[in-house]
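Q:
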Amino acid sequence: MTGTPRLVYDATVAARDVTLRLEVAEGETVALLGPNGAGKSTVLGVIAGLLAPSSGRVELDGRDLAGVPPHRREVALLAQEPLLFPHLSALENVAFGPRSRGDGRSAARTGAREWLDRVGVGDLARRRPHQLSGGQAQRVAVARALAAEPRLLLLDEPMAALDVDVAPALRHLLRGVLAGRTAIVVTHDALDALLLADRVAVVEAGRIVEQGPTTDVLSRPRSAFAARIAGLNLVSGRWDGSAVRGDGIAVSGLPSDDPPAPGEDAVAVFSPTAVSVFRDPPGGSPRNALAATVTELEPLGDRFRVRATAGAIPLQAEVTAAAVAELALVPGDPVNLIVKATEVSVHGALRASSGALPADTVGP
Amino acid sequence: MTSRTVALPRWLYVPAALGGAFVLLPLVAMVTRVDWSGFGDLITSDSARDALWLSLRTAACSTVLCVVLGVPMAAVLARTDVRGIGLVRSLVLLPLVIPPVVSGIALLYTFGRRGLLGHTLDVLGIEVAFTTAAVVMAQTFVSLPFLVISLEGAMRTAGQRYEVVAATLGAAPSTVFRRVTLPLVLPGLLSGAVLAFARSLGEFGATITFAGSLQGTTATLPIQIYLERVTDPDAAVALSLVLVVVAVLVIGVARTGRSAP
């Protein structure tokens, strides 16, 4: 770790009213989280050299990027669509960056083959882009971006154009390749931020409204806006095969594409909209009935966000104003938070805490 | 793709058929006038062979020139975003709409002995007007817009997204142009080149004005046909048929090129 951050972004694009300041440390992945039109992609465009800021500066490893053309920035961009060159095979696509840098044909191809293997599509090297599925093409695009050995990798909603059934596998892949790499991920999906980023900056109307470590921003958003798009319930603890046992509570859920082994650290994720609030514990099918204490009631348009603590863990439920009135909720009330296990996705421990516990020391 | 489409109004077929007949009937009429017994002799006479060979050579040369000059022109027009580029585009495409004989006169007053550059060329010992080079220049002048307009459209359709990706992967502008831009518009370039070749092959007005009609030097096939029309109508018709066959072949090549993946 060096003292100076790898990227310092402090610039304004007046035409789109985007002004923000952002730093990315070496080896860190930062998520820019925000709705469409918030200015996230504008920031990526400025960093990649496709847009000129009207004022301010962008520095990469201490080098001012003003006036530096895109091909000399060592910043690779992975977009929503794979944009593989249609006239080149998958292998030639991946070899394009190294070839452009001046590598010889055979060296570039050898390297490209390794990258294709690492992203799991080594057997598709000779295919043309039109012979690949969306998920396969995006994997090749990931390999192509990484083969260029960028100092900084920019990902602009890399899962947005994929079918829902292949997105998790790509997310899993990105989670692996982004570890230790310096990257910025633009997304409007809180789950992408949770699984890919060390840090989150929430962007609204061209400004950063909130930033901090991913788990903090996602579980305890301070701005109403961040709460609306990012307010996820996160319960971390130990996975016992059917539930995550955390600080005084246990949450049953379904393991995701990246399942933890029993005994491993894990996090249970569920949306506030999946949580119902009951005065008394109900019978019935929902697996999770969490005894909690209401701490705060926050109006969100026609709904209320009910903040509560279960054990030591802050949780949120989103309910209608009518329900709050009917239950006559006030802070301090004991309630039961009900969540169906099918609404809870369980992921292996976050990268920030991964490695804290070696697997062989974890008891049954 | 559905096989059923919204039906056309029936009356539309009448003017459509009339238009088709208007185009095809003269060709049929010409074929009926061909003197088949002397056909072989007519199209293998010295003057006819000279004219055909000259036409093919000059049209090939001007097509090459069109590609060499037209590809950069199309790229600049498609990728430049400054005020006035629209006007530049209209002016560059002017040869499409001005009468070829006017193009010939303009060339004559530029490169002819008394033209704008005539004195300069004279000092350099270069004489252009009424040479085979003049034929190529006249053909290039009128054909260039066909290639530029077809290629510029292809470049605009292809967009810049792939070029942006290539740049972020570290490719310098020349590499992007050579390895991404050109391969992506190759079909447009091919059809543009075929159009330019066909237009060059049929060039008449600008050529006869700027280059004259000397057998073997500047008398291309269309000019030869025009000259023989009075003295030897049978030869004119036979040579016309040759030109039609060449044109049909060109269209065939262009169509297979376009339908290929």
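Chains E and A are the protein sequences, given in the same order. Each residue of the first sequence is one higher than the one before, counting from 1005 in the working numbering. Each residue of the second sequence is one higher than the one before, counting from 740 in the working numbering. A virtual CB, placed ideally from N, CA and C, is assigned to each residue, including glycine. Only a predicted model underlies this, so the values are computations on that prediction, with no experimental measurement involved.
1. Can you tell me which of the three DSSP states glycine 1060 of chain E falls into?
2. Could you tell me the boundaries of the alpha helix (DSSP H) in which glycine 931 of chain A lies?
3. Going by C-alpha distance, which of A:Leu908, A:Phe869, A:Val753 and A:Ile962 is nearest leucine 940 of chain A?
4. Might you give, ordered along the chain, the residues of its own chain that have their beta carbon closer than 7 Å to the beta carbon of tyrosine 901 of chain A, omitting 5 neighbours on each side?
5. Nearest to glycine 1126 of chain E by CA position, among E:Arg1020, E:Leu1095, E:Ala1316 and E:Gln1142, is which residue?
6. Can you have a look at proline 1154 of chain E and say buried or exposed, based on whether 16 or more other CB atoms are within 10 angstroms of its CB?
7. Quick one, which of E:Leu1064, E:Leu1054 and E:Ala1019 has its alpha-carbon nearest valine 1028 of chain E's?
8. Could you pull out every unbroken alpha helix (DSSP H) segment of at least 4 residues lying fully inside the segment 1113-1168 of chain E, listed in chain order?
9. Please report the residue range of the alpha helix (DSSP H) in which glycine 758 of chain A lies.
10. In terms of residues, what are the limits of the beta strand (DSSP E) holding aspartate 785 of chain A?
11. Rank E:Gly1305, E:Val1328, E:Thr1277 and E:Gln1135 by C-alpha distance to the C-alpha of valine 1298 of chain E and give the top, closest one.
12. Output yes if chain E places a C-beta closer than 7 Å to the C-beta of valine 753 of chain A; else output no.
13. Between leucine 1087 of chain E and chain A, is the shortest Cβ-Cβ distance under 7 Å, so that the two count as touching?
14. Report all residues from its chain with a CB closer than 7 Å to the CB of glycine 1424 of chain E; omit the five preceding and five following residues, and keep chain order.
15. Where do the ends of the alpha helix (DSSP H) carrying histidine 1176 of chain E lie?
16. If you draw a straight line from the C-alpha of glutamate 1214 of chain E to the C-alpha of alanine 1147 of chain E, how long is it?
17. When we look at the beta-carbon of asparagine 1040 of chain E and count the other beta-carbons within 10 Å, is it buried (16 or more) or exposed?
18. Given that a residue counts as buried once 16 or more other Cβ atoms are within 10 Å of its Cβ, and exposed if not, what is arginine 822 of chain A?
19. Can you tell me whether serine 1256 of chain E is helix, strand or coil according to DSSP?
20. What residue range is occupied by the uninterrupted beta strand (DSSP E) comprising glycine 892 of chain A?
21. Can you find the residues in the same chain that come closer than 8 Å, C-beta to C-beta, to valine 867 of chain A, ignoring five residues on each side of it along the sequence?
22. Closer than 6 Å by C-beta to alanine 897 of chain A: which residues in its own chain qualify, once you throw out the five before and the five after it? Chain order, please.
23. Drop a sphere of 10 angstroms on the beta-carbon of glutamine 1140 of chain E, count the other beta-carbons inside from all chains shown, and report buried for 16 or more, exposed for fewer.
24. Please work out which residues of its chain come closer than 8 Å, Cβ to Cβ, to valine 1034 of chain E, disregarding the five sequence neighbours upstream and downstream, and give them in chain order.
25. I need the straight-line Cα distance from serine 1059 of chain E to proline 1259 of chain E, nearest angstrom please.
26. Just to confirm, are arginine 1132 of chain E and serine 1093 of chain E a CB contact at a threshold of 7 Å?
27. In chain A, which residues lie with their C-beta within 8 Å of the C-beta of arginine 1148 of chain E?
28. Flag alanine 1164 of chain E as yes if its beta-carbon sits less than 7 Å from any beta-carbon of chain B, otherwise no.
29. Would you check if the distance between the CB atom of proline 1086 of chain E and the CB atom of alanine 1173 of chain E is smaller than 7 Å?
30. Quick one: is histidine 1075 of chain E near chain A, going by C-beta distance under 7 Å?
31. Let's test the definition: count the other Cβ atoms within 10 Å of the Cβ of glycine 759 of chain A and tell me whether it reaches 16, buried, or not, exposed.
32. Quickly, what does DSSP pair proline 1217 of chain E with across the bridge? List them, please.
33. Taking only three categories from DSSP, how would you classify alanine 1345 of chain E?
34. On the criterion of 16 or more Cβ atoms from any shown chain inside 10 Å, does tryptophan 792 of chain A qualify as buried, or is it exposed?
35. Pull out every residue of the segment 1038-1057 of chain E whose Cβ sits closer than 7 Å to any Cβ of chain A, in chain order.
36. With a Cβ-Cβ cutoff of 7 Å, do phenylalanine 885 of chain A and serine 842 of chain A count as a contact?
A: Taking the structure as given:
1. strand
2. 925-940 is the span of the alpha helix (DSSP H), which, as asked, contains glycine 931 of chain A.
3. Of the candidates A:Leu908, A:Phe869, A:Val753 and A:Ile962, the one whose C-alpha sits nearest the C-alpha of leucine 940 of chain A is A:Ile962.
4. Val919 and Leu923
5. Nearest to glycine 1126 of chain E by alpha-carbon distance, out of E:Arg1020, E:Leu1095, E:Ala1316 and E:Gln1142, is E:Leu1095.
6. buried
7. E:Leu1064
8. 1138-1151
9. Its alpha helix (DSSP H) spans residues 752-771.
10. Careful: aspartate 785 of chain A lies outside any beta strand (DSSP E), inside the alpha helix (DSSP H) at 785-818.
11. E:Val1328 is the residue among E:Gly1305, E:Val1328, E:Thr1277 and E:Gln1135 whose C-alpha sits nearest the C-alpha of valine 1298 of chain E.
12. no
13. yes
14. No answer is possible for residue 1424 of chain E: the residues shown for chain E start at 1005 and end at 1368.
15. Here the alpha helix (DSSP H) through histidine 1176 of chain E covers 1171-1182.
16. So the alpha carbons of these two residues sit roughly 32 Å apart.
17. exposed
18. exposed
19. strand
20. Note, glycine 892 of chain A: premise wrong, no beta strand (DSSP E); alpha helix (DSSP H) at 871-897.
21. Phe850, Gly851, Leu860, Ala873 and Met876
22. Leu923 and Val924
23. Buried, because 16 or more other Cβ atoms sit within 10 Å of the Cβ of glutamine 1140 of chain E.
24. Leu1026, Val1028, Ala1187, Ile1188, Val1189, Ala1201, Asp1202, Arg1203, Val1204 and Ala1205
25. 47 Å
26. Yes, the Cβ-Cβ distance between arginine 1132 of chain E and serine 1093 of chain E is below 7 Å.
27. Within chain A, the residues whose beta carbon sits less than 8 Å from that of arginine 1148 of chain E are Leu908, listed in sequence order.
28. Looking at the structure shown, chain B is missing, and the protein chains on hand are E and A.
29. no
30. yes
31. It is exposed - the Cβ of glycine 759 of chain A has fewer than 16 other Cβ atoms within 10 Å.
32. According to DSSP, proline 1217 of chain E shares a beta bridge with E:Arg1203.
33. helix
34. exposed
35. Ala1052 and Leu1054
36. no
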